[in-house]
Structure formats: C-alpha cells, structure tokens
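Colleague: Structure incoming, see below.
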Amino acid sequence: MFGRLLSRLTHAAAVCAVVAVAVFALLQSAPGDPFALALEGADVPAAVRAEWRARYGLDQPPAAQFVRWAGALARGDFGYSTSRRQPVAAVVSEAFPRTLVLVGTALVLGFAAGVWIALVQTRHHRRWPDRAFSMVTLAGVALPEFLLALLAMTWLGARWGLFPVAGVGSLGDAAAWPLWLRAVDFLWHLALPASVLSLAVASRVARHQRAALLSVMREDYVRTARAKGLGEWQVIRRHALPNAIGPVIALLGLALPSLVGGAVLIERVFGWPGMGLTLFEALLARDYPLVLAAVLLATVFAVVARTLTEFIADVVAPRRPQAT
Amino acid sequence: MRLLPSRWLILACAALGASCRAPDAAVSGGILVVSVGADAETLFPPLAVGTQSRAVTELLYDKLAEIGPSLNTIGDVGFAPKLARSWSWSADSLTITFRLDPRARWHDGRPVIAADVQYAFRVWTDSTVGAVQRQALAGVDSISAPDSLTARVHFRERTPEQFYALVYTLMPLPRHRLAGIADSALQNSSELRAPVGSGPFRFVSWTPRARLELASNPAYYLGRPGLDGVVFVVAAQGATVAARLLAGEADFLEQLSPPDFAQLPSDGRVRAVSYGGFDYAFVQFNLQEGGPLARPHAIFSDAALRRALTMATNRQALVRNIFDTLARPAIGPFSRTQWTADSMLSGIRHDPSGATRLLDSLGWRDDDRNGLRERAGKPLRFSLLVPASSRTRQAAAVLLQAQWREVGVLVDIEQADFNAFLDRAQRGAFDALIGGVRTSPSPRGVRELWGSPGPGRGRQNWGKWSNAVFDAQVDSALAASNITAVRAHFRAAYQAAIDDAPAIWLYEPRLFAGVHRRVKVAPLRPDAWWSGISTWSIDPAQRLPRDRRVPRAP
Amino acid sequence: MAASTWHRLRHDGAARGAAFVLGAVAAAALLAPWLSPFDPTAQPDPVALRLLSPSWAHLFGTDPFSRDVLSRVLHGARVSLGVAAGAMLLSVTLGAALGALAAVVGGWVDAAIGGLVDVLIAMPRLLVVIALVATFGTLSPWWLVALIGGSGWLTTARIVRAEFRDHLQREYVLAARALGATRWRIVWRHLLPAVAPQVAVAAALAFAAVIPLEAALSFVGLGIQPPLPSWGNILLDGTDYLTTAWWLVLAPVAAVSGTVGAALVLADRLRAAIADEEREA
Chain A
2 MFGRLLSRLT HAAAVCAVVA VAVFALLQSA PGDPFALALE GADVPAAVRA
52 EWRARYGLDQ PPAAQFVRWA GALARGDFGY STSRRQPVAA VVSEAFPRTL
102 VLVGTALVLG FAAGVWIALV QTRHHRRWPD RAFSMVTLAG VALPEFLLAL
152 LAMTWLGARW GLFPVAGVGS LGDAAAWPLW LRAVDFLWHL ALPASVLSLA
202 VASRVARHQR AALLSVMRED YVRTARAKGL GEWQVIRRHA LPNAIGPVIA
252 LLGLALPSLV GGAVLIERVF GWPGMGLTLF EALLARDYPL VLAAVLLATV
302 FAVVARTLTE FIADVVAPRR PQAT
Chain B
3 MRLLPSRWLI LACAALGASC RAPDAAVSGG ILVVSVGADA ETLFPPLAVG
53 TQSRAVTELL YDKLAEIGPS LNTIGDVGFA PKLARSWSWS ADSLTITFRL
103 DPRARWHDGR PVIAADVQYA FRVWTDSTVG AVQRQALAGV DSISAPDSLT
153 ARVHFRERTP EQFYALVYTL MPLPRHRLAG IADSALQNSS ELRAPVGSGP
203 FRFVSWTPRA RLELASNPAY YLGRPGLDGV VFVVAAQGAT VAARLLAGEA
253 DFLEQLSPPD FAQLPSDGRV RAVSYGGFDY AFVQFNLQEG GPLARPHAIF
303 SDAALRRALT MATNRQALVR NIFDTLARPA IGPFSRTQWT ADSMLSGIRH
353 DPSGATRLLD SLGWRDDDRN GLRERAGKPL RFSLLVPASS RTRQAAAVLL
403 QAQWREVGVL VDIEQADFNA FLDRAQRGAF DALIGGVRTS PSPRGVRELW
453 GSPGPGRGRQ NWGKWSNAVF DAQVDSALAA SNITAVRAHF RAAYQAAIDD
503 APAIWLYEPR LFAGVHRRVK VAPLRPDAWW SGISTWSIDP AQRLPRDRRV
553 PRAP
Chain C
2 MAASTWHRLR HDGAARGAAF VLGAVAAAAL LAPWLSPFDP TAQPDPVALR
52 LLSPSWAHLF GTDPFSRDVL SRVLHGARVS LGVAAGAMLL SVTLGAALGA
102 LAAVVGGWVD AAIGGLVDVL IAMPRLLVVI ALVATFGTLS PWWLVALIGG
152 SGWLTTARIV RAEFRDHLQR EYVLAARALG ATRWRIVWRH LLPAVAPQVA
202 VAAALAFAAV IPLEAALSFV GLGIQPPLPS WGNILLDGTD YLTTAWWLVL
252 APVAAVSGTV GAALVLADRL RAAIADEERE A
C-alpha cells in the first residue's frame, strides 16, 4: 500500500511539473505587464523600464526565463513578487495558512455534517426528514456560492450584527489578549466564511453519501444484520456506513480544487486574504512569480489531498466500492 | 434589537476582568478604523500612486509645507508651514530658502535636517527609482544646504506654480536610514516595509491585503494628534467595504458609492460628508487605427462625427441614473474643483435630432432601414473598452450603448480586467474607451492627458488627439505669470478641446465620505481627505473596546 | 440494457418533475421573444423607472437601468442555457472521445490522456477560466462555450474510460471480437450504447456545473458582455442592491438554482436507475 502511495507521489510530481510549464506558457501570452500598474503615468525612461524588466529576467526568451525560474525553485527560491514587492515565499507563507484553515474547516465541518445528514436521511428514508434535507442539500449545491456569501455578509454580518462583516481578527488591543480569547476571536471571524463554504461541501457530501448508503442498504449482509435483530440506526451506522463512506472520501479529494476555486469569491467577500484572493489578484496584476508559485502550491495541495483521501478511503473501506 | 458585533466581545472581555479596563476618558484618544477597498501598493513616497498609498505615506511623512484649504497652486499663498517653519524667496524668485523646524524629528528620534531634503530630491529625480511625479520637479535645478536646518532650492526658471510643484511633490526622506541602499534597490527595500517617517503617525504593522496600523506620534513636533491611532482595514469587494462602515466595524469610508447611499441607516449612525473631488470621467475616442502604420481612424478621425456622438449623448440622464445627485455632468478636460475650471464654457448640448441630421449629412445613413447607419457599406459600429474593475464606468457604458442605439450607432461593450485595459489603452488597441482620472489641484496635468503626443506632453493621451491651438494655449497658460492670463489661456485651451471633441466629458463625481457619528472630522480636502486627520477626535462617550491602544512590543 | 434504464427513468416521478422543469426553462428560452412583456435591452426611462419594486406591469421589478427583470431573465435563459448546453455538448463529446481513445487504444495514449486529466483536475476551474479570459480578452459567448466546455470534459473521460475497460473484458465483447468485428465497430455498436446512461449522468452534471460558473465569471466582471442578458450578469446587476432592492435577485436566482437543481435531480435519478438495473442484471 505504501508502495502505491510512493508511485502516486512521483506521478504527482510529474503533474506539478506539467502544470508549471502550462501556466508559464499561458502567462507569457497574456497581455499586460507586471509594471503597468506601478508605472501608470510615471515618467520612467525606456532605458530604466528595460533595466527593471532585466532585473526580473523578463527580457529573456520565455524558455530561458522558465529554466531560470525552475532552477531557482530547485534551490528553494520562489522568486520575487512584483506586485507585492516582497519575496513570493513571504506572501505565500502569510496567505496559505489562512486558506488552509478556511478550506480545512469547511472540509471537516462539511464532511461531518454531510455524513450526519445522509445517516438521518437513510434512517428516515422517504419520510419528511429525508425529503426536507434533500431540498436543503439540493439548494446548497444549486445556489451560487458568492450569492450566499454576499447574503450572509450583508444580513448576518452588517444588518443583524451577529458576526463580523470581514477580516481575520478584532482590532485594538486584540494582539495583547490571552491566547484562548484570540483563538475564540479568530474562530468567530472564521464562522461566516467557513459556514458558507461548508454548506456547499455538506450538501455535496450528503447527496453522495445518501445514495451510497441507500445502495448498500440493499446488500445481503445488511439484511443479515437486520435479521439478527439489530436496531435500524445501528445497522446503518455499524454495517452500512463503513461500506459506503469510502467513495465519498475519495470524491472529497477530487472536489478539492473546485473548493479552492470557490474560496476565491468567498475570500473576496469576507476580506479573508488567503491564497485564492492572492492568486486572483496576482493574475490581474500579471505578477508571474506569484501566480506560478500559487498555482503550483494549489496543485501540490490538490494532488496530495487526493492521494491522501484515496489512501484513507482504501484503509476505511478496503472493499471495492460500489458504483454510486 | 440590533446587536453591535463588538457586543459579544465585550461580554467575553467582561469575563476577563482586569485586562479589559474601560478606556480612559481623556478628550484625545481612540483609534480611527478606515475601511478601504484597495491596499497600499507601496509605502515608499516617490512610488505612491493610488489614493491609499498616498494616504498612508502622507500620514507617515510630512512635506515642507502643506497646501492650504483653498488649494491655491500659484505662489505660496495659503501654504501652511510643516517641516519648514518658514521660507523666503530671493529677489529673482529663482531661489527659495526653507528653514526647517528645529523640533522636527524622525520617528527614530533623529532630527530632520537639510541633508534629508537634498537626499529626497536626489531620489525623486533619479530615473532608476521610477518616481511617479518626477516631472513635477523638472523645474528644480539643485538643493543646497548652507547649514543643517536650512535647505536652499535653486530653480531653473520662474513659474507661477514653482512653489506648489516642489512642496506638493517632495517629502523629505530619512537619509540616515536609506542612504546605504542603492537608489534602484529602494523600491523593494525591506526598510520601507516598516518606514521611519516624520509625520503625525508612526508605523506599527502591515499585513498586506488585510490591515495596516499606524499609531500617533507622541513626539510630533506640531503637537500630538487627537487620535491614538489609525487602522486601515482592506476588503476587495465593494459591498464588504461599505458593510464594514454600516455595521460599525469601521469609522470612515473615503467614498460612498451610489448604492451605499440607499443603505445609510436612518438613525444617523453614519453620515455622509461631502468634499468635492478631483475626478472626471470621459469617453475617449481613438483617432488612430491600431498597428504600426498609425493611419487615421476610419470613424473617429472625423471631428464632426465625434461632435454628433456627443450631441446624441444625454449626460444629464446618465448622471442621474448612476449617481442621482452625487455627480455632475463634466464640462471639459478639467475638474470643477480646479481653480482654472470655467463653468461658462459653451459645451455641446444634448440634441438627438441635431445628431441625426449631422450624421445624415456626413453620409452615415440608414438606407437599408435596419436601424443602423452605414456609409459605403460599412456600418457605424465600434467597440467601447471598459475596465471590469469599475462598476460606474460599466454602468455608463450600458447607458451610452442604449442612447447611441437610438440614433443608429451600434456599440460593442468590451470589459477587460484593469491590466488588459491599460495595456490596450497604451498600445492604442481600441476604438473608444471610458477613462477616468483624478487630477491634482494644479491644471498642469492636462498637458500629459490631452496634449499632442510628443516630447514633454501627451504621454497619457491614449487617443492620439492632436490640436495645435490647444497645445499652444496650454503652453502659454503654464508660462504666464499673472493669474488672469493663466485663466484666459486655459479657458481658450479648454474651449478648443470641447469644440474638437476628442472625448465626451461624462461626469464629475462629488465625493462623499461615510463617517460614523462617534468621529469628529475636520473639513475634508478634496485631493486628500486625510490632510486634517491630526485634529480629528473620537467622542469619549462612544469609545469601543477596539479603541484601546495596542501595547507596543518592547 | 440501456434501453430499460431509460424506461425506468420515464416512470420515476422525481425525474419527470426535473425533466419538466428543464423543459419549461428551455421552452421559456425558445419562446422568450413572445413571452417577454418588454424588450430586454430597452431602457424606457433610466431616471424615473429604475429599481421599481415588483408590480403587475413588472412582475420582478426593473433593474438599475429601468429594464424589465422578467424579460431579461427570459432572454437571459437563451444565453445561459445556450452556453451551458453548448459547453455540455462539447465537454461530453470531448470526454467520451478521449475516454474511449484511452480505453481502446491503451498504452501511451492512455497514459498521456490520464496525465492530462490528472493535471487539469488539480487546477481550480474557475481560476483557469479567469486566467484564460484575461489572456484572450473579452469573450463572445462562442469563446465562452469553447473555454468552459474545453475545461469540463474530465469527469466524462474518466467515466467512459472506466466503463469501457470494464466492458472490454466482458463476454459479449470478446464474443463479438471472436466473430471478427473491428474494435471501432464494437465501440460504436456495443460500448457506446452501453455507457450512454453513465455519459448522460456526466452530461447532466456538466450542465449543472456550467451555469454557476458563468454566474461567477460575471461576478468578477468577465462574463457575457452587455447588453446581452445572461443570468450571471442579471444577478450581478442585482447584487449591488441586496439590502435595498433585494427582489432584483429573486428571478435570476430562481432561474439559476431551479435549472441547476433540476439537472442534478435528473442526474441522481438516472444514476439510481442505472444502479437498479445493474442490481437486477
């Protein structure tokens, strides 16, 4: 099993390399200039502009630029962000943990809630709890995330004042608070963005988990368990769930990139300066080193998460999963 | 009942007891939270372009003297002493001697000296630094330092705005901290991520794209500011920026957008404060086809056609739709707030039937009755480039599209992200675009924006409009020494631009800041709302937990 | 086998409901010019008639430019459904072709296509599309179809490849090959019909994914260009007024979520029908 993990990881490395080349090529063909915004209206002689471009190696042919960039990367140097005027590593090390927390919370919360909803639905199959939750989860998938985020921000945040509108922490002497209070404060700011994102995750998980559970419920061993006189709830939890959860975990790994994509808009609405927002702004600013690093990181993240979830799914449910 | 967001934390705080004492009730104190939509791009004054970068750098660094509330740019009338306690002119006006305030200190305690002024001048004029306003200092020949508190500025020529151009642009920089860094490396220097300035506020911390914190400078030579600190909180989404103010999480918002106005609470918690503005927006026509040949544009090289489109434009309706009463139709290539503005100029009036007749006479006719005009088989159709980042300009594009459709002109709106927009504008790869500028108090910028492309002018004239009368009048105006003559020449230049219609002057938004009622603000200056911030205060009765000062790390 | 899957689906209440919703939306799109009370791009009076609340004349009110929201949503259905259907067709065709190629030819072709899938699946689709829009500049609906369709074929390809490889081992295929049928004939005559229900599931899911994507693109200002109404840009026009004229988003939200929801239900029921079929087989 670990051998397979290893081969997956080498495969993943190859994937990342291809992504890097593809993104690099794409950026090269995009119109615009990393210095366009900084220099709008500035009286910078052509010679100085050329010197600036040369400093970042932008005067060289694309292939040479790529080799240079990859070489620096091999030495652990992600390059210098032209829009942030900071090393890329510094930008990423600040933004990445924020997204990790946001997406991670949404994943854990959403997964737990989704599985729980599916269990309840299976327990009460075709009765009102099942139908009600079906409507909710359908809405959770069908409603545009950015609209939910805006509604939550304007009504729950601004209008009713139940949650902070935006940001990652309180102002004032918050920096001097004891750790637990700062942690509470952080979670309180995380609540809205993570909830909106986890609603989408929970809906998707619940829909798949319900289908998987229902199909497993018809299997012989479930019937046997029932015949042994076990309660319905126990049958579902002890016998059906372990056999039905594997594919859902694997699916979660596959859904991760779309979650990161959705996080862009959520981060924007809730003023949560994570990787999604960083990547989006870097893209608009034509900040090549930052875009490359961010995309690469997202890819590594996605590939690792996918490998991990497949691995977990294998461990949890070694049986070949049913087509769901 | 509406719970303030901070209410929860007050409760959490109460549980803690001692560490959360009530704020002391002194008149000074309190922290102003400013909600902004874009973070500062840099904290290095020569490179500060955007409003936010300017706001932060001008709170951190003082200038030699500050422009007065009348925003006069001629001579030194109205300018208030800052780092320079006084100044004197030589008889020929080619030299101004500034005496620095001996109390002025950098935030690290070192005195501000004449060498800092000299150093700043060198940095600003060094082309490898890339200072945005380098051109404004072109009239300065050199700066000498007879003693450590005297800076003598030698000018190349006498101009009415020489004092303004120097003082409004240049901010003395701490030579003792920066001189060791090569000029070309300054823009990326880590020293400038935690800058040491001379202004009323000193730097505390910066989390890019999230928040930037400044604390009042207790040793400020002009007296300690009323506020304990200023915190800028950033959110990219416009709705979020406004929501922060409306929810009470922020105290100040530089510019309320038209939809924000409808949301202002009726209980007066947040009020709108008007402060003029130096913005104007326009539809710019490209007079040249793209490509290396630089041929005249098939549609827009004809001034009569440009006039006809202007006549077909109902600016009044456009302004009312987007801004209600929060903007006025623009008059010409200037803002009403500039002192050279002239609202008596004769513009091109909205006259749809006149536009129809003019278009007919130009040969653009709808012979096949498809509602669209053609000439020699080619339809009267062009694209209108709009930046995707500006909701107001997008709205203007949608309204113009419908207005021009009425007279048989077909417009394709093209939204592009701002970088692509700028790229196409600079390359001249567009038919028409909706642009917007924030001018400075001086009318001089008009030469770069609308002057014929050539040395010393027209660098940002994306439409390549070229008009000898306009150029000559602007040159005469900038060289004239008495105010009446300056006004007369600008008036003639503006009229030439209006008549030749290189653009349709659309609207001038009136800026309204959103201010929470707990904040007492001084009058806001149209070019820099933050200019009087040292005298702002926060009502002691309305202090919040967030007003407690951040304890300084040792 | 596949035929009876369709039969099951036809007798499924939820599936019929969902099909009805999709049919109604499609009909509304086709009949938009006759159903709409107003011209969707006309601005009768941008000053006096903007942001009207719902009334009998304007069932869903008027937008910030005094245009009738209902008429815009009806016409927007043409663009949004058109883009979604076009992108779905493109991604399903592309996915089926590449998946079949990978399964049938195998070897390095399989490896190459598998690698491509692995690369694309690891990148956030929304960001990829934004990057491409920024690269190519303003997009016509046709380009949007090409971009969204071209980035959405992964799921179909994976499903088709897996199913094909499964079927290629089955007796009926081996028998057909023994009888001298060529590989591509088997694909055409036996395999494609066999995987059709699975592909239909993927198609419904692809369709359901495109509509929110178009809306998200509009939200960042890079979607369908005005004056052409699309559900995304109608929604965007409403989001500025969420607290003051909240009714503006009602119609576009109902359209988006109704259509997406119906497509998802259809995909679900189809999947359930396939599972039932396999269990009984």
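In order, the protein sequence lines correspond to chains A, B and C.
As numbered in our numbering, residues 2 to 325 make up the first sequence, in order.
As numbered in our numbering, residues 3 to 556 make up the second sequence, in order.
As numbered in our numbering, residues 2 to 282 make up the third sequence, in order.
Glycine is no exception: its CB is placed at the ideal position from the N, C-alpha and C atoms.
To the nearest angstrom, how far is the alpha carbon of A/Leu130 from that of B/Ala404?
Modeller: As a first step, residue 130 of chain A is located in the first sequence; it is residue number 129 there, counting from the start. As a first step, residue 404 of chain B is located in the second sequence; it is residue number 402 there, counting from the start. Per the sequence shown, residue 130 of chain A should be read as Pro rather than Leu. One C-alpha to the other measures close to 51 Å.
Colleague: Tell me whether C/His191 sits in a helix, a strand or coil according to DSSP, three-state version.
Modeller: Residue 191 of chain C sits at position 190 when you count from the first residue of the third sequence. Three-state DSSP puts C/His191 in a helix.
Colleague: Tell me the residue span of the beta strand (DSSP E) that contains B/Glu215.
Modeller: Numbered from its first residue, the second sequence carries residue 215 of chain B at position 213. B/Glu215 -> beta strand (DSSP E) spans Arg213 to Ser218.
Colleague: Looking only at C-alpha atoms, which of A/Thr11, A/Val89 and A/Ala75 sits nearest to A/Tyr81?
Modeller: Within the first sequence, residue 81 of chain A is the residue found at index 80, counting from 1. Looking at the Cα atoms, A/Val89 is the closest of the given residues.
Colleague: Using the beta-carbon of each residue, which ones in chain A are nearer than 7 Å to C/Pro125?
Modeller: Within the third sequence, the letter at position 124 stands for residue 125 of chain C. Here the neighbours are Pro258, Ser259, Val261, Gly262 and Ala299.
Colleague: Does the Cβ of A/Ala294 lie closer than 7 Å to at least one heavy atom of the ligand COA?
Modeller: The ligand COA is not part of the structure shown, which contains no ligands of any sort.
Colleague: Check each residue of the stretch 254-272 of chain B: if its Cβ is closer than 7 Å to any Cβ of chain C, include it; give the result in chain order.
Modeller: Pro261, Ala264 and Gln265
Colleague: If I follow the unbroken alpha helix (DSSP H) through C/Gly87, where does it start and stop?
Modeller: Residue mapping note: residue 87 of chain C aligns to position 86 of the third sequence, counting from 1. It spans Val70 to Val106 - the alpha helix (DSSP H) in which C/Gly87 sits, taken as one unbroken run.
Colleague: Which chain C residues sit within Cβ distance under 7 Å of B/Val243?
Modeller: As a position in the second sequence, residue 243 of chain B is number 241, starting the count at 1. Correct list: empty, because the minimum Cβ distance to chain C is about 13 Å.
Colleague: State buried or exposed for B/Met346, treating a residue as buried only when at least 16 other CB atoms are found within 10 Å of its CB.
Modeller: Along the second sequence, read from residue 1 onward, the residue named residue 346 of chain B stands at position 344. Exposed, since its Cβ has fewer than 16 Cβ neighbours within 10 Å.
Colleague: So with CB distances below 7 Å, who are the chain A contacts of B/Asn484?
Modeller: Here residue 484 of chain B corresponds to residue number 482 of the second sequence, with the count starting at 1. Within 7 Å Cβ-Cβ: nothing; B/Asn484 doesn't reach chain A, min ~29 Å.
Colleague: Which bits of chain C does A/Ala303 rub up against, with CB to CB less than 7 Å?
Modeller: On the first sequence, position 302 is the one that residue 303 of chain A refers to. Ordered by position in chain C, the residues that pass the 7 Å Cβ test against A/Ala303 are Ala123.
Colleague: Kindly list, in the order they appear in chain C, the residues whose Cβ is closer than 8 Å to that of A/Arg219.
Modeller: For this step, residue 219 of chain A is matched to residue 218 along the first sequence. Neighbours of A/Arg219 on chain C, chain order: Arg280.
Colleague: Using 10 angstroms around the beta-carbon of A/His190, count the other beta-carbons present and answer buried if the total reaches 16, otherwise exposed.
Modeller: Locating residue 190 of chain A in the first sequence gives position 189, counting from the first residue. Label assigned to A/His190: buried.
Colleague: If you reduce the DSSP assignment to three classes, tell me which class C/Ser56 lands in.
Modeller: Numbered from 1 along the third sequence, position 55 holds the residue referred to as residue 56 of chain C. Residue state, collapsed to three classes: coil.
Colleague: Does the distance from the C-beta atom of A/Phe79 to that of A/Phe25 stay below 8 Å?
Modeller: Within the first sequence, the letter at position 78 stands for residue 79 of chain A. Within the first sequence, the letter at position 24 stands for residue 25 of chain A. In this structure, A/Phe79 keeps its C-beta atom at 8 Å or more from the C-beta atom of A/Phe25.
Colleague: Can you list the residues of chain A that B/Phe420 reaches, using a CB-CB cut of under 7 Å?
Modeller: As a position in the second sequence, residue 420 of chain B is number 418, starting the count at 1. Correct list: Leu285.
Colleague: Below 8 Å on the Cβ atoms is my contact criterion, and I expect A/Ala75 with A/Ile267 to pass it. Report the Cβ-Cβ distance as a whole number of Å.
Modeller: As a position in the first sequence, residue 75 of chain A is number 74, starting the count at 1. As a position in the first sequence, residue 267 of chain A is number 266, starting the count at 1. About 34 Å separates the two Cβ atoms, so there is no contact after all.
Colleague: Give me, in chain order, the residues of the same chain whose beta-carbon lies closer than 8 Å to that of C/Leu214; leave out the 5 immediate sequence neighbours on both sides.
Modeller: The residue given as residue 214 of chain C occupies position 213 in the third sequence. Cβ neighbours of C/Leu214 beyond the five flanking positions: Arg126, Leu127, Val130 and Ile149.
Colleague: Confirm, please, whether the CB-CB distance from C/Gly62 to C/Trp247 is below 8 Å.
Modeller: As a working mapping, residue 247 of chain C is identified with position 246 in the third sequence. As a working mapping, residue 62 of chain C is identified with position 61 in the third sequence. Their beta carbons are not under 8 Å apart, which means C/Trp247 does not touch C/Gly62 by this criterion.
Colleague: Drop a sphere of 10 angstroms on the beta-carbon of B/Lys466, count the other beta-carbons inside from all chains shown, and report buried for 16 or more, exposed for fewer.
Modeller: The sequence position of residue 466 of chain B within the second sequence is 464, counting from 1. Buried: at least 16 other Cβ atoms inside 10 Å.
Colleague: What whole-angstrom Cβ distance do A/Ala203 and A/Gly141 have, given they're in contact under 8 Å?
Modeller: Here the question's residue 203 of chain A lines up with position 202 in the first sequence. Here the question's residue 141 of chain A lines up with position 140 in the first sequence. About 7 Å separates the two Cβ atoms, so the contact holds.
Colleague: Can B/Ala418 and B/Ala397 be called in contact, C-beta distance under 8 Å?
Modeller: What you label residue 418 of chain B is simply residue 416 of the second sequence in a count that begins at 1. What you label residue 397 of chain B is simply residue 395 of the second sequence in a count that begins at 1. No, the pair does not count as a contact, with Cβ atoms beyond the cut-off.
Colleague: Should C/Tyr173 go down as buried or exposed, given a rule of 16 or more other Cβ atoms within 10 Å for buried?
Modeller: For the purposes of this step, residue 173 of chain C is taken as residue 172 along the third sequence, with counting starting at 1. C/Tyr173 should be labelled exposed.
Colleague: Cβ of A/Val270 within 8 Å of Cβ of A/Leu280?
Modeller: If you number the first sequence from 1, residue 270 of chain A lands on position 269. If you number the first sequence from 1, residue 280 of chain A lands on position 279. No. Outside cutoff.
Colleague: Output the distance between the C-alpha atoms of A/Leu120 and A/Ile237, rounded to the nearest integer angstrom.
Modeller: Taking the first residue of the first sequence as 1, we reach residue 120 of chain A at position 119. Taking the first residue of the first sequence as 1, we reach residue 237 of chain A at position 236. If I take the Cα positions, the gap works out to 7 Å.
Colleague: To be precise: take each residue of the stretch 434-458 of chain B, compare its Cβ to all Cβ atoms of chain A, and keep it if any distance is under 8 Å. Which residues remain?
Modeller: Correct list: Glu450.
Colleague: Under DSSP, the beta strand (DSSP E) around B/Phe205 begins and ends at which residues?
Modeller: As a first step, residue 205 of chain B must be located in the second sequence, where it is residue number 203. It spans Phe203 to Thr209 - the beta strand (DSSP E) in which B/Phe205 sits, taken as one unbroken run.
Colleague: Where does the unbroken beta strand (DSSP E) through B/Arg383 begin, and where does it stop?
Modeller: Residue numbering aside, residue 383 of chain B sits at position 381 when the second sequence is read from its first letter. Residues Arg383 to Pro389.
Colleague: Using a C-beta to C-beta distance shorter than 8 Å, which residues of chain C count as neighbours of A/Leu152?
Modeller: In the first sequence, the residue the question calls residue 152 of chain A occupies position 151. Within 8 Å Cβ-Cβ: Leu243.
Colleague: Within 10 angstroms of its Cβ, does B/Asn484 collect 16 or more other Cβ (buried), or is it exposed?
Modeller: Looking up residue 484 of chain B in the second sequence gives position 482. That one is exposed.
Colleague: Given that a residue counts as buried once 16 or more other Cβ atoms are within 10 Å of its Cβ, and exposed if not, what is C/Trp57?
Modeller: Counted from its first residue, the third sequence places residue 57 of chain C at position 56. With fewer than 16 Cβ atoms within 10 Å of its Cβ, C/Trp57 is classed as exposed.
Colleague: Residues of chain A with CB closer than 8 Å to the CB of B/Arg158, please, in chain order.
Modeller: Position 156 of the second sequence, counting from 1, holds the residue named residue 158 of chain B. What B/Arg158 touches in chain A: nothing, since even the nearest Cβ is about 17 Å away.
Colleague: Which residues in chain B have a C-beta closer than 7 Å to the C-beta of A/Ala167? List them in chain order.
Modeller: As a position in the first sequence, residue 167 of chain A is number 166, starting the count at 1. The contacting residues are Ala237, Thr242 and Arg246.
Colleague: At 8 Å on the CB atoms, spell out the chain A contacts of C/Arg73, in chain order.
Modeller: Numbered from its first residue, the third sequence carries residue 73 of chain C at position 72. Residues of chain A passing the Cβ test: none, with the nearest at roughly 17 Å.
Colleague: For chain A, is any of its Cβ atoms less than 8 Å away from the one on B/Ser129?
Modeller: Position 127 of the second sequence holds residue 129 of chain B. At least one chain A Cβ lies under 8 Å of B/Ser129.
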